[in-house]
Structures are given as C-alpha cells and as structure tokens.
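Residue numbers (our numbering), protein chains in the order written: chain A, 1 to 206; chain B, 1001 to 1206.
For reference, the structure is listed below as structure tokens.
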DNA sequence: CGAAAAATCTATAGATCTATAGACTGCACG
DNA sequence: CGTGCAGTCTATAGATCTATAGATTTTTCG
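This is the structure:
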C-alpha cells in the first residue's frame, strides 16, 4: 500500500474494481478466482492484494461503485418539480443509463451483494431503501397532483418499477446491441398506460 | 446406483434435488459445497454421489425441476379460449404460484443455470423461449380481438411480463409472508391499465 | 433366517483457491 | 549517481472442495 493514496494509485485501483466487476458479473463472486481478476488486469494473482485486502473487499468496492451515482441521480429527480410523467421517464432513463454505463458493477450489486458481510450489506441496503422511498414519494405526489390513479399502492408501484428496470437491465447486459431508448420509451408507456385497449374501460373514480 | 430405479429411489432422489435447490438458492452454485447439500439431507458428503454423478448434474436437475410444470401450464393457458384479460391474469397467477410452490428451484433456474454446460443450458433455453413465444401469442391475439392496444410490441410485452413476475417472485422468496394474491391483483392491474390517471388521455386510435 | 441388493459411511487423492512473506524492478528525485 | 518507495513478482502455507474406492450397515424378500 502506498503511503499517500496518490492520484495514480486511485486510478489503478479503479481499474482493478472494473476488472473485478467484469469477472464477478460473468462468473459470480464464488465462481471467480482472484487469479481471474488479476489476469484481466494483466498482473499476477498475488499482486491483486496490493489493491484489496481481500476478495470480499473487492466485491464490496464493486457493489458500492455500482450504485454510487444511482441514488444521487434519483435524489435530483425527486427534487425536481416536473410533472409525474416526466419524472417517471427520467427515473427509467436514469436506471437504464446506469446499466449501460456501469452495467457490470450494477449487475454485481444486484446479484452478489448478499455475499457481503452483514455490516457492509446494511449500508448498501440503506441506499437501496432510500432509492425506493424517493420513488414512492414521486408516486404519492403523482396521486396528489391527479396524474396517478387514486388508490395506487405506491410501495408496490415503486418495487414494480425497480423490478422492471432491473429485468430490462439484464437484457442490456446480455445483448449489448439493444436500443436502450426503445426500451425506455416502451417501458415508460407500459408503466403509464398498460396494455389494455381502454376506449370503454374509462373509470370515473377520483 | 440401484439396478432398477425403484420408486423409493426416485423419491429419495427428489428429496436430494429439493435439498440442493434450497442450498443453491441460498448460497449460489459455486458458493455451495456438496457437504452443505448432504448435511441438509442428513447424510455424509460422499453419499451424495449415490444420487448425482456430479455437483453439476445436481444443478441441472434442480433447474429442470424448477421449470418443469411452468411451461406446460403456459401451454394450457395459451390453448384456452378465454379473453385476453383472463389469460394474462392466469399467466401471472401461474408464474407466481410456481414461485410459491417450488420457489427455490425456480430461483436457481433463473440465477444459476448459466453455470451449466452449454448442452444442458440449450434445452432449458428452448423451454424458456417456448414460454415467451406462447405469451407473445397471447398478446398478438389480444390485439386481434381488440383487447390490447394496437401497435403494442408483443415481444417486448412478453419480456416485460416475465421480468416483472420474476422480480415479484424474488420478493416472495425473500419474504415468505407476502400476500401472493395481492401481488397478482396489483400486478395484473398494472400490466393492463398502468398507473396514469387517464380521464383525459383517451386515445382514439384503432 | 440368510443372502443379495441398496444405501450409507470412511478415508483420501488430487486439484483448487486465498492470503501472506519476502525478493525484485524501475522510476523519481536530490 | 544512488537512495527510497511504489508496484509487481515468486513461492508457499494452509484451508478448502470434488469425486472415487472400498468397507460397512440397513433393507428387502424368498
């Protein structure tokens, strides 16, 4: 470990986190060896411990990296005073853009974080809960503004949005040549309008 | 291995598959040891090889078990001549019921099947594709019947339904005291109607 | 009961994999 | 030119884990 965490060291460590993210995303945490990560980085297995105290620490760093921006972006979406539809669109866009930019780390966060020790998992969970709560708040305000159907279960709605975005995110990770904006548009349309042709089914129920 | 695959042997093997499913669901394939599985069965590690040629074979059997009924049920839903809404409800119900009944095996199928050798993965993939195609067909017929909005991307819609059901299924696996029927109802409502209050937004676009 | 078959056990070979200790290399800088 | 530190390497201890071989116990059934 370097005395001063120099800029160069920070950048190399970032590369190591990215390498670990790629390997964990492909093979899973327990299916990956430190040798795999080191090889992808072009160094020898033992040298990896210059950047991480343990394999588990590497997993923790990957997970943190994966959702870093994620919550912050949701903070600003929730704070903006756009109408409901625009905020929902922004949420889906932000979520799927995260998948495009740091897809591997985000996938690792979703799939492998439960292998972290309880303590580190807890701080990640708080971030995830905050995200969901902000999204719930957007739905609640949508009801107040008359944009969202009254009676909507906002907790369930938030979970549904997150679940769908993650499912679509997995598609993106698998097929890299998928049109993200097509998914964003169709996904938001589904969340807003559903699939039912509703000329007749027009509820007058405020 | 027994000469004749007796009924008793079959039943014991089924128990072994269930034990493997539970362990794989909790710790992942690579995170589980054959000792873990054997312990849950109440036998010693080496004895497990009386039921499986390898740990990988155990994974294959768990995955197959997980989606066995799954596709067959979709066959009969697709073959029935109910209206679109009823078939969608039946699909969501069937999917989530599978999660309740054999949640661990289905979860393992979703999360760990990629660790199977290519050949076995291929046959599972065919089942998955069949499921999706049947669901696509339901949407297509829904459009023809005027129940589904014209212009709907049925491929995307099928993926969305599957993705949502899996996301909800994960909730069920984690919190066992969740009300499945509540999720089924709210989920189907979302898929049909979306969240937008649409008194005004009534598209006249056949 | 008694023998054959089924089911399980013990012990271990052989192949990992993680983490550490200590040596080596090359760049930065006085 | 030479000293020191950053970064990497080699080698290995120690702890797995899978799969197999052969012994042993339990069940089945004539």
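Just so it is clear, CB atoms sit at the ideal spot from N, CA and C, and this is done for glycine as well.
| Asked | Found |
| --- | --- |
| Around the Cβ of residue 72/A, are there at least 16 other Cβ atoms within 10 angstroms (buried) or fewer (exposed)? | exposed |
| Residue range of the alpha helix (DSSP H) that residue 1125/B falls in? | 1118-1144 |
| Determine, for residue 193/A, whether the minimum Cβ-Cβ distance to residues of chain B falls below 8 Å. | yes |
| Can you check DSSP and say which residues form a bridge with residue 148/A? | 1196/B |
| If you measure from the beta carbon of residue 147/A to each beta carbon in chain B, is any gap under 8 Å? | yes |
| Quick one: which unbroken alpha helix (DSSP H) runs of 4-plus residues sit fully inside the stretch 31-85 of chain A? Chain order, please. | 34-41 and 55-79 |
| Chain A partners of residue 1074/B, CB-CB under 8 Å? | By Cβ distance, chain A contributes nothing, its closest Cβ being about 18 Å from residue 1074/B, past 8 Å. |
| Roughly how many angstroms separate the alpha carbons of residue 40/A and residue 64/A, rounded to a whole number? | 21 Å |
| Can you give the beta carbon distance from residue 1139/B to residue 1152/B, rounded, assuming they're within the 8 Å contact cut? | 6 Å |
| Select from 1186/B, 1191/B, 1057/B and 1194/B the residue whose C-alpha is nearest the C-alpha of residue 1117/B. | 1057/B |
| Leaving out five residues before and five after residue 214/A in sequence, what residues of the same chain have Cβ atoms less than 7 Å from its Cβ? | Because chain A here runs from 1 to 206, residue 214/A falls outside it and cannot be looked at. |
| In three-state DSSP terms, what is residue 1017/B? | helix |
| Can you list, in chain order, the residues of its chain with a C-beta nearer than 7 Å to that of residue 127/A? Leave out the 5 residues immediately preceding and following it. | 67 and 71 |
| Assess, as a yes-or-no matter, whether the stretch 1178-1192 of chain B is touched by the stretch 154-162 of chain A under the definition of 3 or more beta carbon pairs within less than 8 Å. | yes |
| Is the CB of residue 198/A under 8 Å away from at least one CB in chain B? | yes |
| For residue 1030/B, which residues in chain A fall below 7 Å Cβ to Cβ? | 28, 30 and 31 |
| Mind checking residue 206/A: buried by the 16 CB within 10 Å criterion, or exposed? | Unreliable positioning characterises residue 206/A in this predicted model, as indicated by a pLDDT of 30, which lies under 50. A coordinate reading is not provided. |
| Between the Cα of residue 142/A and the Cα atoms of 17/A, 85/A and 16/A, which residue gives the shortest distance? | 85/A |
| When the Cα atoms are used, what is the spatial distance from residue 266/A to residue 129/A? | Since the first and last residues shown for chain A are 1 and 206, residue 266/A lies out of range. |
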